[in-house]
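As structure tokens, the structure follows; a few thoughts come after it.
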DNA sequence: CTCCATAGTGAATTTGAATTTCATTATCAT
DNA sequence: ATGATAATGAAATTCAAATTCACTATGGAG
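Structure below.
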């Protein structure tokens with residue numbers, strides 16, 4: 001974690017940036033917070049520690065982390081931007097439309113089929129997004145009972 | 148096309164709705180316009196024919212079509228909502244990050260793997276979204292030349 | 001160490017797509 | 001025809017996100 005912060009600071013310096021306490025706090029909170037956190041979540045968490053950190057700094061820092069490749073921007077269509085660490089291995093999402101629960105999965109066979117498809121279309125893929133929407137186990141059961 | 152409009156009007160009537168000229172124009176323009184049109188695109192196209200149609204009507208009509216299942220809402224992460232007809236068979240998207248070109252593909256093997264994954268997680272899928280981002284053939288070639 | 005150019009900051013403002021409001025108009029069952 | 005109600009368009013509102021701006025902090029040059 002400390003070495004991670006150091007590495008990030010080096011990269012920031014490399015592109016002509018300076019350090020700051022606020023930004024360090026945002027970065028630390030981000031990596032400590034669970035995945036799929038909204039900007040609002042992150043801002044809350046940061047400000048819980050240090051009330052003086054402004055929303056703008058949270059937004060700017062997350063954008064910076066995304067640019068450096070440490071964070072990934074997510075959008076599950078609810079109008080809120082979410083971020084997750086890009087350090088963990090790649091995965092896709094199952095989003096419950098009822099309770100909002102987001103779970104993750106990996107399926108290498110899907111990945112390789114995507115590569116194939118892209119190649120067939122002369123397309124050079126840099127990333128992809130696969131989100132499956134529906135009802136989680138809990139909500140599916142609850143839904144059945146209602147009928 | 149005419150029979151489609153009639154069918155839609157029947158469904159609207161069934162949920163207690165009335166007809167209107169503006170709405171009919173929006174619907175017609177939507178089905179005549181290429182896929183992945185933004186709301187702005189649609190509004191422009193409609194207002195080109197009939198300047199008196201307001202943006203709100205375009206927005207409301209597209210939401211209605213989505214609710215009835217005739218239109219699908221898309222979001223490629225550029226902050227603009229797009230719509231495509233839901234009459235064509237299901238497909239996923241290849242989005243060029245350089246020129247914005249969107250092309251479509253179908254891959255039944257991916258679909259079935261998704262079903263499998265969902266089942267394994269006790270998840271009841273209602274829909275999914277798979278977008279592959281990268282460079283289209285044109286832009287990939289152009290990018291190489293630059294280096 | 002001391003400058004000082006410049007990056008970063010937070011509060012406040014602005015942006016911009018999308019939605020809602022509201023007074024008016026159009027539709028349609030009776 | 002009439003009256004209940006859906007639909008309309010212009011304008012106002014919403015809301016997350018981005019930007020502005022006056023001020024502060026950082027860190028390389030000397």
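Residue numbers (the working numbering), protein chains in the order written: chain A, 1 to 147; chain B, 148 to 294. The beta carbon of each residue, even a glycine, is placed where N, CA and C say it ideally should be.
For residue 224 of chain B, the neighbours in chain A by C-beta distance under 9 angstroms run, in chain order, 73, 75, 129. For the pair of segments examined, the segment 51-70 of chain A was found not to touch the segment 98-113 of chain A: the number of CB pairs separated by less than 8 angstroms stays below three.
Here residue 150 of chain B is not near residue 204 of chain B, since their CB atoms are 8 angstroms or more apart.
In chain order, 118, 123, 124, 125, 126, 127, 128 make up the part of chain A whose C-beta sits under 9 angstroms from the C-beta of residue 281 of chain B. Those residues of the segment 237-252 of chain B placed with their C-beta closer than 9 angstroms to a C-beta in chain A are 239, 241, 243, 244, 250, 252, ordered along the chain. Residue environment: residue 243 of chain B is assigned as buried (16 or more neighbouring CB atoms within 10 Å of its CB, all protein chains considered). DSSP places residue 105 of chain A in the strand class (E or B) of the three-state scheme. Secondary structure at residue 242 of chain B: strand, using DSSP grouped into helix, strand and coil. Of all alpha-carbon atoms in B/190, B/167, B/274, the one lying nearest the alpha-carbon of residue 176 of chain B is that of B/190. Judged by DSSP secondary structure, residue 41 of chain A falls within the alpha helix (DSSP H) whose first and last residues are 39-49. Contact check for residue 155 of chain B and residue 234 of chain B: beta-carbon distance about 11 angstroms, past the 8 angstroms limit, so the pair fails to qualify. Counting along the chain, residue 127 of chain A sits inside the beta strand (DSSP E) bounded by residues 124-135. At a cut-off of 8 angstroms between C-beta atoms, residue 162 of chain B does not count as an interface residue with respect to chain A. Taking residue 48 of chain A as the centre and dropping the five residues before and after it, the same chain places no C-beta closer than 7 angstroms to its C-beta.
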